[in-house]
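J.: Please see the structure below; I have some questions.
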Amino acid sequence: MSTAPVNIAILVFPETTGSVVYGMYDLFLSAGRDWSIVTEGRPSPELIRPLLVAKQQEPFAAGNGVHMAPHTTMAQCPENALICVPEVNLPPGASLASRYHEEISWLKQRYAEGAVLASACSGAMLFAEAGLLDGCEATTHWAWCDVMRHRFPKTKVHPQRALVVSGEGQRLVMAGGGTSWLDLALYLIARTVGLEPAMQVARVNLIDWHNIGQQPFARLARTRQVEDAVIAHCQIWIAEHYQEHNPVNAMVRLSGLAERTFKRRFQQATGMSPLEYVHALRLEEAKQMLEASDLPIENIANEVGYEDAAFFSRLFRRKVNLTPAQYRKRFGALRKSLSST
1 MSTAPVNIAI LVFPETTGSV VYGMYDLFLS AGRDWSIVTE GRPSPELIRP
51 LLVAKQQEPF AAGNGVHMAP HTTMAQCPEN ALICVPEVNL PPGASLASRY
101 HEEISWLKQR YAEGAVLASA CSGAMLFAEA GLLDGCEATT HWAWCDVMRH
151 RFPKTKVHPQ RALVVSGEGQ RLVMAGGGTS WLDLALYLIA RTVGLEPAMQ
201 VARVNLIDWH NIGQQPFARL ARTRQVEDAV IAHCQIWIAE HYQEHNPVNA
251 MVRLSGLAER TFKRRFQQAT GMSPLEYVHA LRLEEAKQML EASDLPIENI
301 ANEVGYEDAA FFSRLFRRKV NLTPAQYRKR FGALRKSLSS T
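1 is the number of the first residue of the sequence shown in UniProt numbering; add one for each residue after it.
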């Protein structure tokens, strides 16, 4: 009995590049097919059917001159399709709401209807413009992280993560800058058709999982873009010392400011209170440890700075909508398998 392939619709528009669009397209199409070709000498039935979707079906040239030929329009996109948004190839801070009004409205509608939405690079800004990231964790290209944080203060932006999964039912998937769209494609393959096809795609194409995230590339630019140099200095310090006892008090001392002044300026600069910021860093590190190791949850809690494992578990569930054990079960196998290929 054959199973219909999964539809993944890649939303295209002139301000994108062919490398991301067609790179993801090729990886989705590769799932199941290419491994059979190289190991058995014949292709297997397709597991994923990628298609290019746009406002209108007429061909156009992308920002780098690559020819784009949409298969269908947004209005005619299959109802069961997972929607994938590539990067927005515009200067950080450019106005997006009016330029992409129809695309943003369509994404909002599809999410309300239960679709999974994914984005590569700065494509996550369209999710933010649609109001889908309020109260959610998110990532985007490091050059857009401060823009997202200041335009959408209800969004919890994580520049250090190459991949963030959040939203209702974990239906928002965002990759960070550069080639982290490779991580996005592998994750979506694993999520839709299984871990083994994703591992096969990684092996055939020699793809490495971006364990280091994008923080090393973002730190200098983020510090430069934060107007408050004192707070920027504290951000750099806390990125290496979040596990310490009373890190907020340590940042206050480091800043040389009165406590109330420091907290006010930190909130203005980052969109988060100092304690929220510390919790966010700790939980992101805990996620990576849950994904990449078999350490007991109590040990992970202690490693990231929580002496009370029960408090850590409650906080994790409140922020992530999964218990640490559930998170490890759902994402640990994918992370470890892809990173070992």
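In this text, a Cβ means the ideal position worked out from N, Cα and C, and glycines have one as well.
Treat the numbers as computed from the prediction; the structure is a model and nothing was measured.
Based on Cα-Cα distance, which residue from 156, 189, 50, 120 lies nearest to residue 131?
T.: Cα-wise, what sits closest to residue 131 is 156.
J.: Could you round the C-beta distance between residue 20 and residue 87 to whole angstroms and report it? I think they count as a contact, below 8 Å.
T.: Confirmed, about 6 Å.
J.: How about the stretch 70-88 and the stretch 118-131: do they share at least three Cβ pairs that are nearer than 8 Å?
T.: Result yes; three or more Cβ-Cβ pairs closer than 8 Å.
J.: Which class does residue 44 belong to by DSSP, given the choice of helix, strand or coil?
T.: Of the three classes helix, strand and coil, the one that applies to residue 44 here is coil, per DSSP.
J.: Would residue 8 and residue 50 be called neighbours here (beta carbons separated by less than 8 Å)?
T.: Contact: yes.
J.: With residue 128 as the anchor, note down where its alpha helix (DSSP H) starts and where it stops.
T.: Element bounds for residue 128: 124-129.
J.: Look at the alpha carbon of residue 317 and the alpha carbon of residue 90, and state the distance between them as a whole number of angstroms.
T.: Rounded to whole angstroms, residue 317 to residue 90 spans 36 Å at the Cα level.
J.: Is it buried or exposed for residue 287, if we count other Cβ within 10 angstroms and need 16 for buried?
T.: Per the 10 Å Cβ criterion, buried.
J.: Quick check: what's the CA-CA separation for residue 71 versus residue 62?
T.: Cα to Cα, residue 71 sits roughly 15 Å from residue 62.
J.: Would you report the Cα separation of residue 289 and residue 181, rounded to the nearest angstrom?
T.: Between residue 289 and residue 181, the C-alpha separation is close to 22 Å.
J.: Per DSSP, what kind of secondary structure is residue 66 in: helix, strand or coil?
T.: Here residue 66 sits in coil by DSSP.
J.: Nearest by alpha-carbon distance to residue 12: which of 48, 31, 26, 57 is it?
T.: When each option's Cα is compared against that of residue 12, the closest is 57.
J.: By the three-class DSSP mapping on this structure, what secondary structure does residue 98 have?
T.: Here residue 98 sits in coil by DSSP.
J.: Name the DSSP beta bridge partners of residue 145, please?
T.: Answer is none; residue 145 lacks a bridge partner.
J.: Considering only residues of the same chain and omitting the five flanking positions on each side of residue 313, which have a CB-CB separation below 8 Å?
T.: Excluding sequence neighbours, residue 313 sits near 297, 301, 323, 324.
J.: In whole angstroms, give me the CA-to-CA distance for residue 231 and residue 304.
T.: Looking at the two C-alpha atoms, the distance is approximately 22 Å.
J.: Just checking my contact of residue 271 with residue 149 at CB under 8 Å: how many whole Å lie between their CB atoms?
T.: About 5 Å separates the two Cβ atoms, so the contact holds.
J.: Could you spell out where the alpha helix (DSSP H) holding residue 249 opens and where it closes?
T.: Run containing residue 249: 247-255, per the alpha helix (DSSP H) assignment.
J.: For residue 373, which residues from the same chain have a beta carbon less than 8 Å from its beta carbon, with the 5 sequence-adjacent residues on both sides left out?
T.: Residue 373 is absent from the structure shown; the chain starts at 1 and stops at 341.
J.: What residue does the alpha helix (DSSP H) around residue 164 start on, and which one ends it?
T.: Element bounds for residue 164: not the alpha helix (DSSP H) but the beta strand (DSSP E), 163-166.
J.: Excluding the 5 residues flanking residue 81 on each side, which residues of the same chain have their C-beta closer than 6 Å to its C-beta?
T.: Here the set comprises 7, 9.
J.: In whole angstroms, what is the alpha-carbon distance linking residue 185 and residue 311?
T.: When rounded, the distance between both Cα atoms is 34 Å.
J.: Would you kindly report the start and end of the unbroken alpha helix (DSSP H) that includes residue 234?
T.: Note, residue 234: alpha helix (DSSP H), 229-241.
J.: Could you tell me if residue 98 is buried or exposed, where buried requires 16 or more neighbouring beta carbons within 10 angstroms of its beta carbon?
T.: Answer is exposed; the Cβ neighbour count stays below 16.
J.: Buried or exposed for residue 172, please, with buried defined as at least 16 other CB atoms from any protein chain shown within 10 angstroms of its CB.
T.: Its Cβ being crowded by 16 or more others within 10 Å, residue 172 is buried.
J.: In whole angstroms, what is the alpha-carbon distance linking residue 330 and residue 167?
T.: One C-alpha to the other measures close to 15 Å.
J.: Do you know how far the Cα of residue 44 is from the Cα of residue 34?
T.: Distance between the alpha carbons of residue 34 and residue 44 is about 8 Å.
J.: If you compare alpha carbons, which of 48, 106, 3 is closest to residue 367?
T.: Residue 367 falls outside the range modelled here, since the chain spans only 1 to 341, and no answer is possible.
J.: Hey, how far is the Cα of residue 159 from the Cα of residue 137?
T.: Near 11 Å, if we compare the C-alpha coordinates of residue 137 and residue 159.
J.: CB-CB under 6 Å to residue 328, same chain, minus the five flanking residues each way: which ones, in chain order?
T.: Result list for residue 328: 290, in chain order.
J.: Where do the N-terminal and C-terminal ends of the beta strand (DSSP E) with residue 74 fall, by residue?
T.: From DSSP, residue 74 is part of no beta strand (DSSP E); its letter is neither H nor E.
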